[in-house]
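K.L.:
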Amino acid sequence: MSRVGKMPVAVPQGVDVTINADQISVKGTLGTLTRPVNALVTVKNEGGKLTFTPNNDSAEADAMSGTVRALVANMVTGVSKGFERKLNLVGVGFRAQAQGQKLNLQIGFSHPVVKDMPAGIKVECATQTEILIKGADRQVVGQIAAEVRAFRPPEPYKGKGIRYSDEKVSLKETKKK
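Start counting the sequence shown at 6; every next residue gets the next number (the numbering used here).
Encoded structure:
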């Protein structure tokens, strides 16, 4: 059995888990997340702990038990604590401004770039060069952060662009005569 799939997921106070035949729903203070459950995995709620067992002895069922366990653990963490990604803008004149559900970026183009946030995602700008993307769904938070970064990824010579706060950009040396 998968090493990840063997570990149970503890359900904290204030989080409700509903398991149907084809989907699992997790409800908490930060929202509700639902995900279809793979037919190869059985999910049980035993006294505040979720266990995941493969339905047969195939390698695919074994792998899916670990995958489903990781996805459900992220759902439980998301509705209780939430996820966030921090981005930094590096460059002269690069600015970000959060306006409700929109992120307004001035990143060296002739026009401002506006990114609409989907439902359940909050964006904050503590300073003009910091962007904080928050939400309950880990996949959506990471996807939105990647889409914002893709507007102007860090270039390798001066390092200008949008980067994750923990990202290290290795700069190239310029051409010598």
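A virtual CB, placed ideally from N, CA and C, is assigned to each residue, including glycine.
DSSP three-state label for Gln-18, please.
P.N.:
Within the sequence shown, the letter at position 13 stands for residue 18. In the structure shown, Gln-18 sits in coil (DSSP, three-state: anything other than H, G, I, E or B).
K.L.:
Comparing alpha-carbon positions, which option in Val-81, Gly-83 and Thr-47 lies nearest Met-69?
P.N.:
Within the sequence shown, numbered from 1, the residue matching residue 69 stands at position 64. Measuring from the Cα of Met-69, the nearest candidate turns out to be Thr-47.
K.L.:
Assuming the contact rule is C-beta atoms closer than 8 Å, Ile-112 and Ile-167 should be a hit. Round their C-beta distance to whole Å, please.
P.N.:
For the purposes of this step, residue 112 is identified with residue 107 of the sequence shown, where counting begins at 1. For the purposes of this step, residue 167 is identified with residue 162 of the sequence shown, where counting begins at 1. Going by Cβ atoms, the distance from Ile-112 to Ile-167 rounds to 7 Å, so yes, they are a contact pair.
K.L.:
When you compare the CB positions of Pro-13 and Leu-76, do they come within less than 8 Å of one another, or not?
P.N.:
Residue mapping note: residue 13 aligns to position 8 of the sequence shown, counting from 1. Residue mapping note: residue 76 aligns to position 71 of the sequence shown, counting from 1. Going by C-beta atoms, Pro-13 is not nearer than 8 Å to Leu-76.
K.L.:
Does the beta-carbon distance from Val-81 to Val-16 come in below 8 Å?
P.N.:
What you label residue 81 is simply residue 76 of the sequence shown in a count that begins at 1. What you label residue 16 is simply residue 11 of the sequence shown in a count that begins at 1. Result yes, Cβ atoms of Val-81 and Val-16 sit closer than 8 Å.
K.L.:
Put Thr-244 into one of helix, strand or coil per three-state DSSP.
P.N.:
Nothing about residue 244 can be reported from this structure: the residues present for the chain run from 6 to 182 only.
K.L.:
Just the C-alpha distance for Pro-59 and Asn-43, rounded to the nearest angstrom, thanks.
P.N.:
The residue labelled residue 59 in the question sits at position 54 within the sequence shown. The residue labelled residue 43 in the question sits at position 38 within the sequence shown. Approximately 10 Å between the Cα atoms of the pair.
K.L.:
What residue does the beta strand (DSSP E) around Ser-170 start on, and which one ends it?
P.N.:
In the sequence shown, counting from the first residue as 1, residue 170 sits at position 165. Unbroken run through Ser-170: none, as it is neither H nor E.
K.L.:
How many Å lie between Gln-184 and Lys-107 at the Cα?
P.N.:
A query on residue 184 cannot be resolved here, the shown segment of the chain reaching from 6 to 182 and no further.
K.L.:
Alpha carbon to alpha carbon, how far is Leu-35 from Gly-87?
P.N.:
Residue numbering aside, residue 35 sits at position 30 when the sequence shown is read from its first letter. Residue numbering aside, residue 87 sits at position 82 when the sequence shown is read from its first letter. Rounded to whole angstroms, Leu-35 to Gly-87 spans 7 Å at the Cα level.
K.L.:
Comparing C-alpha positions only, which one of Pro-161, Ser-170 and Asp-171 sits nearest to Lys-180?
P.N.:
Translated into the one-based positions of the sequence shown, residue 180 becomes position 175. Looking at the Cα atoms, Pro-161 is the closest of the given residues.
K.L.:
Spatial neighbours of Asp-121 within its chain, please: CB distance less than 7 Å, with the 5 preceding and 5 following residues excluded, ordered by chain position.
P.N.:
Looking up residue 121 in the sequence shown gives position 116. Hits under 7 Å: Gln-106 and Lys-107.
K.L.:
Confirm, please, whether the CB-CB distance from Leu-38 to Asp-142 is below 8 Å.
P.N.:
Counting from one through the sequence shown, the residue named residue 142 turns up at place 137. Counting from one through the sequence shown, the residue named residue 38 turns up at place 33. Yes, the Cβ-Cβ distance between Asp-142 and Leu-38 is below 8 Å.
K.L.:
Taking the alpha carbon of Cys-130 as the point to measure from, which residue in Val-145, Tyr-169, Val-118 and Arg-100 has its own alpha carbon closest?
P.N.:
Counted from its first residue, the sequence shown places residue 130 at position 125. The shortest Cα separation from Cys-130 among Val-145, Tyr-169, Val-118 and Arg-100 belongs to Arg-100.
K.L.:
For Arg-154 versus Tyr-169, is the C-beta spacing smaller than 8 Å?
P.N.:
To locate residue 154, count along the sequence shown from 1; it is residue 149. To locate residue 169, count along the sequence shown from 1; it is residue 164. Going by C-beta atoms, Arg-154 is nearer than 8 Å to Tyr-169.
K.L.:
In the DSSP assignment, what are the bridge partners of Lys-91?
P.N.:
Position 86 of the sequence shown, counted from the first residue, corresponds to residue 91. Answer is Leu-137, bridged to Lys-91.
K.L.:
Taking the straight line between their C-alpha atoms, what separation do you get for Asn-79 and Asn-61?
P.N.:
On the sequence shown, position 74 is the one that residue 79 refers to. On the sequence shown, position 56 is the one that residue 61 refers to. Going by the C-alpha atoms only, they are around 25 Å apart.
K.L.:
Where does Thr-132 fall in DSSP's three states?
P.N.:
Translated into positions along the sequence shown, residue 132 becomes position 127. Coil, per DSSP.
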